[in-house]
Amino acid sequence: MSRQERKNMINFIEKMKGLDSSQLKNMTDQEVEHIYNSLYLKLVTQE
């Protein structure tokens, strides 16, 4: 995952879940991607 991808995912997670970026910066790429995918799937299936 590129730095920009990770940054975009963290921004999305912060907005959707209200988490602080300091909490997310300590997570692995896989953890961030898992949270992002879960939130995105919920958003898409709601529509």
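Going by our numbering, the sequence shown opens with residue 418, and the numbers climb by one from there. Glycine included, every Cβ here is placed at the ideal spot set by N, Cα and C. Nothing here was measured: the structure is a model prediction, and the numbers come from that model.
{"query": "Reduced DSSP category for M426 - H, G, I as helix; E, B as strand; rest coil", "result": "helix"}
{"query": "Selected residue, minimal CA-CA separation from G435, among Q463, V461, I452 and R423", "result": "I452"}
{"query": "Whole-Å CB distance - V426 paired with V449, under 8 Å assumed", "result": "Val is not the amino acid found at residue 426; the sequence shown has Met there. About 5 Å separates the two Cβ atoms, so the contact holds."}
{"query": "Cα-Cα separation, D437 to E431", "result": "6 Å"}
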